[in-house]
Amino acid sequence: VIVTQFLKRLELHLKKSLYDTFHFYCGTSTGSLIVSSIAYNKMTGDDIMNKLYNKVNINRIMDKSFIDKHLGGIQLLPKYDGVGKIQVIEENIGEKYMSSTEKKVMITGFDLNKNKPVFFTPLRI
Numbered sequence: 096v097i098v099t100q101f102l103k104r105l106e107l108h109l110k111k112s113l114y115d116t117f118h119f120y121c122g123t124s125t126g127s128l129i130v131s132s133i134a135y136n137k138m139t140g141d142d143i144m145n146k147l148y149n150k151v152n153i154n155r156i157m158d159k160s161f162i163d164k165h166l167g168g169i170q171l172l173p174k175y176d177g178v179g180k181i182q183v184i185e186e187n188i189g190e191k192y193m194s195s196t197e198k199k200v201m202i203t204g205f206d207l208n209k210n211k212p213v214f215f216t217p218l219r220i
């Protein structure tokens with residue numbers, strides 16, 4: 096929520112859209128959702144704050160997994176089940192190819208099976 100407020104104020108201060116301000120976007124976790132909303136859908140700071148990260152969507156994105164709800168800190172699996180996040184992505188960003196923007200985008204993640212970071216970037220041929 097703090098990041099969304101910052102982005103909204105930055106855009107107002109610069110008098111220029113976030114999409115037109117930056118040429119490279121990188122995000123992890125919900126940051127990847129913010130990055131995608133700007134790079135692929137040209138969302139404004141206001142859109143991100145009021146449509147994407149409103150109270151309803153935050154609760155959907157941060158919905159704890161069944162195991163986390165019942166075992167709390169004892170478990171080793173992801174804290175959130177991802178179901179709500181997938182729904183919010185589908186509703187606000189939709190299906191996009193990483194190459195469907197003029198901007199450079201990198202989404203970072205972590206492969207739990209291989210225990211190493213993963214970097215998703217568009218293929219530019």
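Each number in this note's numbering corresponds to the 1-based position in the sequence shown with 95 added. Ideal placement from N, C-alpha and C gives every residue a C-beta, glycine not left out. Keep in mind it's a predicted model, so treat the numbers as computed, not measured.
_Which listed residue (151, 203 and 217) has its alpha carbon closest to that of residue 197_ = 217
*Quick one: is residue 156 buried, meaning 16 or more other Cβ sit within 10 Å of its Cβ, or exposed?*
buried
*Exposed or buried, which one is residue 202 when buried takes at least 16 other CB atoms within 10 Å?*
buried
*Could you check which residue in 153, 122 and 110 has the C-alpha nearest to that of residue 177?*
153
*Helix, strand or coil: which one does DSSP assign to residue 122?*
strand
*If you check the beta carbons only, do residue 128 and residue 184 fall under 9 Å apart?*
yes
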